[in-house]
Ligand code: TRP
Ligand code: SF4
């Protein structure tokens, strides 16, 4: 049904504005895949509910922000199906039916489950919904019979669980209903945050894709430099400096010069940071331009989600008919 091209599925939880770690670590890769595959990109708001069920206040707004971030970074709703998980109720039905065949022990031993239970404080996550998180993720992927899923390393365990569910389902019902999806690891580009830890919303060390000039320079000024450099003319060591880590990614042409003038003590950190802010702004400028167009046209965002829902549902319905029938429900 999808023609010759393989099917890709991936999802992100709508947790707020995306940052340049998301852009380089995932989004740019997703955009590249659009020409080679039939892509489904889903804003997984039900997954967000598994942890934020007490405070879902911003979820609608966050979904729309995510559409704007995705599109401004080059995702094309003509090429890819861009949609919201809760708009396609078939995800819930398949989640329910897959939960019938998924042994509880598989979920209990899932490493992300154990980690998150420990890490996330102040919320009761000993819930039925939360332990079922990977089953919902499997339903997302299998509803579109995806062949491959581009995700980071942190999702490897969930993908393995999806494949186990596929094997068990196909075995029980005696037919190859679902393909085993392979993991397409995002090209390895971990972006460090302002403090040299991995850039992540939970560390509060990000630069957002939508950040304007003032926010960018303010964030860049906060970056940690070589602490041994006290005076402007002290020779610096760029390899331990956050600013240099960013130059390395974004300043391909001037990199050698930054390295030399830092280590010879010829350039001060303030100047070096100002240069970086300019370079980042230039990199983000075309993205910001597209974003402004969408911000000024909220109806377009609604339309995109509606078109995405229709396209996704067409495929989801066919899969569900097959699933119901093979499980003896129709
Ligand atoms: N669990 C994923 C994450 O936290 C999000 C997700 C939900 C997903 N469903 C998916 C990713 C299906 C890939 C495929 O990043
Ligand atoms: Fe870092 Fe640049 Fe300062 Fe060198 S000059 S320590 S690279 S900010």
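Numbering (the working numbering), first residue to last: 89 to 418. Glycine is no exception: its CB is placed at the ideal position from the N, C-alpha and C atoms.
If we count the other Cβ atoms within 10 Å of its Cβ and call it buried at 16 or more, is residue 274 buried or exposed? buried
Are residue 399 and residue 169 closer than 7 Å when you measure CB to CB? yes
Give the range of the beta strand (DSSP E) segment to which residue 208 is assigned. Unbroken run through residue 208: none, as it is neither H nor E.
Identify which residue in 331, 397, 314 and 188 has its Cα closest to the Cα of residue 260. 188
Hey, would you say residue 288 sits closer than 7 Å to residue 312, going by beta carbons? no
Going along the chain, which residues of its own chain have a beta-carbon closer than 6 Å to the beta-carbon of residue 103, five neighbours each way excluded? none
Identity of the residue in 99, 172 and 161 nearest residue 381 by Cα: 161
On the three-state DSSP scale, how would you describe residue 270? strand
Closer than 6 Å to a non-hydrogen atom of ligand 2 - does that hold for the CB of residue 145? no
Please state whether DSSP places residue 238 in a helix, a strand or coil. strand
Taking residue 271 as the reference, give the member of 201, 386, 176 and 244 with the closest Cα. 244
Nearer than 6 Å: is that true of the beta carbon of residue 225 relative to any heavy atom of ligand 1? yes
Determine, using beta carbons only, whether residue 171 and residue 378 come nearer to each other than 7 Å. no
With a threshold of 8 Å, are at least 3 pairs of Cβ atoms found where one atom belongs to the segment 147 to 162 and the other to the segment 189 to 201? A contact is defined here as three or more CB-CB pairs under 8 Å, and the segment 147 to 162 fails this definition with respect to the segment 189 to 201.
Indicate whether the contact test is met: 3 or more Cβ pairs, each with one atom in the segment 125 to 140 and one in the segment 340 to 353, closer than 8 Å. no
Only counting the same chain, and skipping five residues up and downstream in sequence, which positions put a Cβ closer than 7 Å to that of residue 413? Contacts found: none.
Exposure of residue 341, with buried meaning 16 or more beta-carbon neighbours within 10 Å: exposed
With C-beta atoms as the reference, is residue 219 less than 7 Å away from residue 249? no
Where are the beta strand (DSSP E) runs, 3 residues long or more, that stay fully inside the segment 135 to 219, in chain order? 169 to 172
Separation of residue 101 from residue 221, as counted between CA atoms: One Cα belongs to residue 221, the other to residue 101, and the distance between them is close to 12 Å.
Considering only their Cβ atoms, is the gap separating residue 338 from residue 367 smaller than 7 Å? yes
If you run the structure through DSSP and keep just helix, strand and coil, what is residue 292? coil
Mind checking whether the beta-carbon of residue 98 lies closer than 6 Å to any heavy atom of ligand 1? yes
Quiz: which residues have CB nearer than 5 Å to ligand 2 non-hydrogen atoms: 313, 314, 324, 326, 329, 331, 332, 350, 357 and 360
Could you tell me the boundaries of the alpha helix (DSSP H) in which residue 310 lies? 301 to 310
For residue 193 and residue 180, what's the separation of their Cα atoms in angstroms? 21 Å
Could you round the C-beta distance between residue 212 and residue 95 to whole angstroms and report it? I think they count as a contact, below 8 Å. About 37 Å separates the two Cβ atoms, so there is no contact after all.
Can residue 392 and residue 165 be called in contact, C-beta distance under 7 Å? yes
Look up residue 99 in the DSSP assignment and say whether it is helix, strand or coil. strand
For residue 132, I'd like the list of residues in its chain whose CB is within less than 6 Å of its CB, leaving aside the five on either flank, ordered along the chain. Closer than 6 Å at the Cβ level, and outside the excluded window around residue 132, lie 99, 101 and 173.
Reduced DSSP category for residue 281 - H, G, I as helix; E, B as strand; rest coil: coil
Alpha carbons only, please: which of 417, 408, 241 and 409 is nearest the one belonging to residue 113? 241
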